[in-house]
Amino acid sequence: MTFPVAVLELYPLFRWLSGVLESFGFSANTVLIISYAVLGVIMFSALSIIALFLVWWERKIAAHMQQRFGPMRHGWHGWYQTIMDAIKLLQKEDVRVASRDKIVYFWAPVICFVAAYLAYIVMPWGKNLIVADFNIGILYIMAVTTFTVIALLMAGWGSNNKYALLGGMRSAAQVVSYEIPMVASILTVILFVGSMSMVDIVTSQSGWIFNWFIFKLPFGPIAFVTYLIAATAEANRTPFDIPEAEQELVAGFNIEYSGMKFAMFFLAEFINMFTVSALAATLFLGGWNGWSFIPSWAWFLMKTFGVVFLMMLIRWTYPRLRVDQLMEFAWKFLVPVTFANLILAAVIKYAGWHW
Amino acid sequence: MGLIKKLPVYTEKMPGGGIVMTSLEAALHNAQAKSLWYLLFGTACCAIELMCTGASRYDFDRLGMIFRATPRQADLIIAAGTITKKMAPRLRLLYDQMAEPRYVIAMGGCTIKGGPFYYDSYSVEKGIDHIIPVDVYIPGCPPRPESLLEGCITLQEKIKKQSLLDWQEKD
Amino acid sequence: MDKDQLSAYLTDKSEGKLTLLEVGRHDPIFKVEASQLIEVCTWLRDDEQLKFDFLCNLSGVDTGEQFEVVYQLASTSKSLRVDIKVILPYDGAEIESVQKVWAAANWHEREMWELYGINVKNHGKLEFLLLPEDWDEGFPMRKDWDAPDFIRMPEF
Amino acid sequence: MSDLRTEEYYLNMGPHHPSTHGVCRMVLKMDGEKVKEIEPHIGYLHRSIEKICENRTYAQCIPILDRFEYVTAMSCNYVFALAAERLASIEVPERAEHIRVIMLELNRIASHLLFYGVTAMDIGALTPFLYGLRERESILDLFEMTCGQRLTYNYIRVGGVSRDLPNGFIPKCHEALNTIEKKLADYEGLLNENPIWLVRTVGIGVLPAKVALDYGVSGPCLRASGVQYDLRRNDPYSIYDRFEFDIPVRHNGDCYDRYLLRLDEIRQSIHIVRQALDALPEGDFKAKVSPNFKPPAGEVYARIENSRGELGVHVISDGTKKPLRVKTRGASYNHIAVLPAFATDVLLADLVAIFATMDVIMPEVDR
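Chains as they are written, first to last, in our numbering: chain P, 1 to 355; chain U, 356 to 526; chain B, 527 to 682; chain A, 683 to 1049.
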């Protein structure tokens, strides 16, 4: 019986599940499909919970940075505040603008939401805890996360609102520009690992802490910082949150979306943030590697949340860049730096000046 | 919202539908009451007090209230400040743009009855209840942040007491 | 220059175009004919001793018998202040725009036009500024203005 | 490709927009992200304060003028009281003048702190907004202690102030000033040298001094353009000539200068309040003025420097207990009118920054 890779860690669960299913007389293929479906549901729930938690966390961190308390009245320090928000958004009327582009308007949040989750197929959550270990894992992530920009563009166009359109256009320009430094800084990692599989990337960083790519001097830290900057832009967060710049574009691309459709954009934004942080943890901070007295998935989550926390601190500290400065920064600073770094890394790699 | 609007019709017919309804109502209205997102709408003096209420000392966020800039995503208009005859159609438009269920708090004397001073003004709308339905009135010129918070808590109580059947009839 | 010197200077140099109304509680007030307004204003702005380069305020006034337009001028470099008053008849009140002298007059004049009904020549853009676009109840700041839904303060 | 064309379009910003500070509406002619033309539409908050004042006695006008410019309501109280005092030739006791200066300057600090927060928020930094408002609360506490209101005070009356300073005001005021002075360093640390803040504000929205004077721009916006013109010095009122303070001037006229100038002004205001507190004499806090006093016929244009610029009021008396005409002049009126003259050919985000640093407040414009 071949199971999904992740099953090695969740073995007892799937053993039991396949036993139950086989006793009903399903064929092995059906059992496999159902197992994947169950895995998908588990992943989806876990991510949704993480996204809701991140919203709460963001609000608490913002509040404490601003000498407030944030949500306090609903549960311990307002822990179920965002659950209440989600239930409320479910009940809200789904406003459909009369002048919308019907198909585009409808599919934009769906694509945004789905694309946000797709990346987790190849995300190594822990030792042997991955849905599928593609040999092009990182390339796949880069490809599917870019779907978000299509969704935002669709939302901007479909709403038939000038603010939304401006937001969509800004986001397209921004994400396309920042994709390049992001990929270039990821390439330095791939260059050393020699494989695009996420599992290979993590295992190559095992051993002691200085095997982590962030400690590969001199190019590692540079790649990490440039990656983090590009990732912040990719996840549309301050100081690069110009697509939904509240003070200029009211709410940017999601200005005409209400209720659940807005919630989908909202959750997708936080999942994207988690994705880029998880990638940062996997590529530069050794993934799930760590002392074995803590389970590997806990290491992964700890590192990811660390990066998320850093991004939140940045968000609540800095003002927002202007759209042309944002592009200038990408093309005139980040792209040259990341490519120079890539060349440096290549030279070091082939000269063998590394450990 | 479409589905939830139809729910009462189905559940009421079920045996024990009343019990299902009340628990559902409790859950849904609890959620609504606990996450009131208000529209960033302020015209005059009360808007400054609204900002102060959002700030550190009073902190709206404790009640789960955050501001949204677009009316589509807001549940609540806190009409803070004088509404003039020129502004009245725009306020109506904002209210129409909001997604149901939506609530209105009239903050300050001007929104309640044209204000303590503007009764002989030619351009002030004498009370916003001529334009949009109001749920909670908060008197004061301008009301203190504490009274605004009190008004919001009153609104939450009011939402919790609603019945799903009310929505049915509204439609 | 204190206000007495200023009023003496203005009376001397203006060649009779400016008539002193009163030295005022704080600043001197001068009267000017509507036909000579632009000429006087340009002179006030450009004179080396005066340099009234700052239009503080422009108010239209309805005294019940006539309209008055009062220009409050200030000089930023010489720290001077003076009021210039134009008296207009109640019927067919019309005044030249002083936008060419001080651009700040634009909105003040528009406001005066919509609230008092004083026509402003050569303004370029006489549209409603403060009142609603569909306002048709006349000129609300006039003393005799009344509308069906306008509640007057009771006399006390 | 030859049939590809670009088109200019109109963007309606307001009257309900997060960064128009109330209900200003601007119709923007845009070329992509670039603002080609601005046409401000005002009047969404036109409450006809001037008409109302014509139907009230002089004493009754003061609470209405609180609502004229509520962020610095003390200045509005004061400017009308000043006009009425000049009309009726009322002498104000020394103590009252000192209390007035203290209140005016505290209110200026409060207004500038609000400016700090709101501007930072408009440029995208949300945290400074809450910092600014937090320190503002300590000043509002002082006002509340004195006259029972947080925003609309009705404290400065014709002939003096409505009541004496309460017990314990002076130590509490010193304490608040010390806190603000200390926190001011934090604020500057947060934004002044922040690289993103610098690229967003330095060189953006340069307002030349000539244009500023032509359009009647006053206050910090004018001084940031290099014109040293402060009514506290150039047309002294109250007892400002007895205090020692600087008029900060900057010369670039961009958003950054307008922002820095206001922070400098907070320091000067703290300095003035301290001097006034030290020099506070004993005595009456109010001259004897009948509530229905009838000033002799005549007219006065009183003007003071409030936190936004020149705040003026033109009062005409016809010898009765009600004024014949009250015309108010707020600095923001000109600050919006000047926008089409210098804020074109900027990006939308810059327009927001410029609008924020002009420190416009709408009721002053619409009245």
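Ideal placement from N, C-alpha and C gives every residue a C-beta, glycine not left out.
- Minimum Cβ-Cβ distance from Y257 of chain P to chain U less than 8 Å: Reading the first sequence from its first residue, position 257 is the one you call residue 257 of chain P. Interface residue, yes.
- Which listed residue (A:A867, A:G908 and A:D823) has its alpha carbon closest to that of G656 of chain A: What is shown of chain A runs 683 to 1049, which leaves residue 656 of chain A out entirely.
- Using a C-beta to C-beta distance shorter than 9 Å, which residues of chain U count as neighbours of G70 of chain P? The residue labelled residue 70 of chain P in the question sits at position 70 within the first sequence. Those within 9 Å of G70 of chain P in chain U are D414, D416 and R417.
- Rounded straight-line distance, which links the Cα of L904 of chain A to that of P1045 of chain A: If you number the fourth sequence from 1, residue 1045 of chain A lands on position 363. If you number the fourth sequence from 1, residue 904 of chain A lands on position 222. As the crow flies, the alpha-carbon of P1045 of chain A is around 21 Å from that of L904 of chain A.
- Do we get a CB-CB distance below 8 Å when we pair V250 of chain P with the residues of chain U? In the first sequence, the residue the question calls residue 250 of chain P occupies position 250. Closer than 8 Å: yes.
- Message: Looking at S601 of chain B: is its Cβ nearer than 8 Å to the Cβ of K577 of chain B?
- Response: For the purposes of this step, residue 601 of chain B is identified with residue 75 of the third sequence, where counting begins at 1. For the purposes of this step, residue 577 of chain B is identified with residue 51 of the third sequence, where counting begins at 1. Yes, Cβ-Cβ distance for S601 of chain B and K577 of chain B is below 8 Å.
- Using a C-beta cutoff of 8 Å, does K468 of chain U count as contacting chain B? Locating residue 468 of chain U in the second sequence gives position 113, where the first residue counts as 1. By this cut-off, K468 of chain U is not an interface position.
- Please decide whether G871 of chain A counts as near chain U, where near means a Cβ-Cβ distance under 8 Å. Translated into the one-based positions of the fourth sequence, residue 871 of chain A becomes position 189. Taking Cβ atoms only, chain U never reaches closer than 8 Å to G871 of chain A, which makes this a no.
- Task: Check V459 of chain U in the structure and name its three-state DSSP category.
- Result: Locating residue 459 of chain U in the second sequence gives position 104, where the first residue counts as 1. V459 of chain U falls in the strand class under three-state DSSP.
- At a CB-CB cut-off below 8 Å, which residues of chain A make contact with M65 of chain P? Reading the first sequence from its first residue, position 65 is the one you call residue 65 of chain P. What M65 of chain P touches in chain A: T809.
- Query: How is D675 of chain B classed by DSSP in three states: helix, strand or coil?
  - Reply: By 1-based counting over the third sequence, the position of residue 675 of chain B is 149. D675 of chain B falls in the coil class under three-state DSSP.
- Query: Can you give, in chain order, each stretch of the beta strand (DSSP E) that sits fully within the region 157-224 of chain P and has at least 3 residues?
  - Reply: none
- Item | Partners in chain A for I483 of chain U, counting only beta-carbon separations shorter than 8 Å | Working through the second sequence from its first residue, we reach residue 483 of chain U at position 128. Those within 8 Å of I483 of chain U in chain A number zero; the least Cβ separation is about 14 Å.
- Rounded straight-line distance, which links the Cα of I878 of chain A to that of T188 of chain P: Here residue 188 of chain P refers to the residue found at position 188 when the first sequence is read from its first residue. Here residue 878 of chain A refers to the residue found at position 196 when the fourth sequence is read from its first residue. Computed Cα separation, rounded: 28 Å.
- Task: Name the residue from P:I201, P:Y257 and P:I186 whose alpha carbon lies nearest to the alpha carbon of F134 of chain P.
- Result: Counting from 1 along the first sequence, the entry for residue 134 of chain P is found at position 134. For F134 of chain P, the nearest C-alpha among the options comes from P:I201.
- Where I314 of chain P and P239 of chain P are concerned, what is the direct C-alpha to C-alpha distance, given to the nearest angstrom? By one-based count along the first sequence, residue 314 of chain P stands at place 314. By one-based count along the first sequence, residue 239 of chain P stands at place 239. The straight-line gap from Cα to Cα measures roughly 8 Å.
- Task: Output yes if chain B places a C-beta closer than 8 Å to the C-beta of Y473 of chain U; else output no.
- Result: In the second sequence, residue 473 of chain U corresponds to position 118, counting from 1. With respect to chain B, the C-beta atom of Y473 of chain U has no partner C-beta closer than 8 Å.
- With 16 as the cutoff for other CB atoms within 10 Å, does V176 of chain P come out buried or exposed? For the purposes of this step, residue 176 of chain P is identified with residue 176 of the first sequence, where counting begins at 1. Its Cβ having fewer than 16 others within 10 Å, V176 of chain P is exposed.
- Per DSSP, cross-strand counterpart(s) of Q598 of chain B: Start at 1 with the first residue of the third sequence, and residue 598 of chain B comes out as number 72. Answer is B:N583 and B:D609.
- Message: If you reduce the DSSP assignment to three classes, tell me which class G137 of chain P lands in.
- Response: Here the question's residue 137 of chain P lines up with position 137 in the first sequence. Reduced to three states, the DSSP call for G137 of chain P is helix.
- Proximity test, Cβ basis, 8 Å: H74 of chain P and chain U: For this step, residue 74 of chain P is matched to residue 74 along the first sequence. The beta-carbon of H74 of chain P is placed less than 8 Å from the nearest beta-carbon of chain U.
- Query: Exposed or buried, what is E541 of chain B when buried is set at 16 or more other beta-carbons lying within 10 Å of its beta-carbon?
  - Reply: Within the third sequence, numbered from 1, the residue matching residue 541 of chain B stands at position 15. E541 of chain B comes out exposed.
- Item | Where the alpha helix (DSSP H) containing H794 of chain A begins and where it ends | Here residue 794 of chain A refers to the residue found at position 112 when the fourth sequence is read from its first residue. H794 of chain A -> alpha helix (DSSP H) spans E776 to D804.
- Task: Quick one: grab the DSSP three-state call for V995 of chain A.
- Result: As a first step, residue 995 of chain A is located in the fourth sequence; it is residue number 313 there, counting from the start. Three-state DSSP puts V995 of chain A in a strand.
- Task: Have a look at I720 of chain A and L693 of chain A and give me their C-alpha separation to the nearest angstrom.
- Result: One-based indexing of the fourth sequence puts residue 720 of chain A at position 38. One-based indexing of the fourth sequence puts residue 693 of chain A at position 11. Taking the straight line joining both Cα atoms gives about 10 Å.
- Helix, strand or coil: how does DSSP classify M708 of chain A here? As a working note, residue 708 of chain A is residue 26 in the fourth sequence. Correct three-state label for M708 of chain A: strand.
- Check whether P319 of chain P and I805 of chain A have beta carbons under 8 Å apart: Locating residue 319 of chain P in the first sequence gives position 319, counting from the first residue. Locating residue 805 of chain A in the fourth sequence gives position 123, counting from the first residue. Yes, Cβ-Cβ distance for P319 of chain P and I805 of chain A is below 8 Å.
- Query: With distances taken from CA atoms, which of A:Y740, A:L895, A:I734 and A:R687 is nearest T1002 of chain A?
  - Reply: Reading the fourth sequence from its first residue, position 320 is the one you call residue 1002 of chain A. Taking only the C-alpha atoms, the option nearest T1002 of chain A is A:Y740.
- Minimum C-alpha distance to I1043 of chain A - residue among A:V1008, A:P918 and A:H794: For this step, residue 1043 of chain A is matched to residue 361 along the fourth sequence. Minimum Cα distance to I1043 of chain A is reached at A:H794.
- Taking the alpha helix (DSSP H) that G506 of chain U falls in, what are its first and last residues? Numbered from its first residue, the second sequence carries residue 506 of chain U at position 151. First-last of the alpha helix (DSSP H) with G506 of chain U: P500 to K515.
- Item | The beta strand (DSSP E) enclosing R940 of chain A, as first and last residue numbers | By 1-based counting over the fourth sequence, the position of residue 940 of chain A is 258. Counting along the chain, R940 of chain A sits inside no beta strand (DSSP E); it lies in the alpha helix (DSSP H) bounded by residues C937 to D960.
- Delimiting residues of the beta strand (DSSP E) encompassing N632 of chain B: On the third sequence, residue 632 of chain B is found 106 positions in, with the first residue counted as 1. Note, N632 of chain B: premise wrong, no beta strand (DSSP E); alpha helix (DSSP H) at A631 to Y642.
- Task: In the DSSP assignment, find the alpha helix (DSSP H) that holds E817 of chain A and state where it starts and stops.
- Result: Here residue 817 of chain A refers to the residue found at position 135 when the fourth sequence is read from its first residue. First-last of the alpha helix (DSSP H) with E817 of chain A: T809 to C829.
- Query: Just checking my contact of V549 of chain B with D528 of chain B at CB under 8 Å: how many whole Å lie between their CB atoms?
  - Reply: One-based indexing of the third sequence puts residue 549 of chain B at position 23. One-based indexing of the third sequence puts residue 528 of chain B at position 2. Contact doesn't hold; Cβ gap of about 10 Å is too wide.
- Per-residue contacts from L395 of chain U into chain A (C-beta, under 7 Å): Counted from its first residue, the second sequence places residue 395 of chain U at position 40. Result: P700.
- In this structure, does DSSP put N876 of chain A in helix, strand or coil? Here residue 876 of chain A is taken as the residue at index 194 of the fourth sequence, counted from 1. Looking at N876 of chain A - three-state DSSP - the assignment turns out to be coil, as it is neither helix nor strand.
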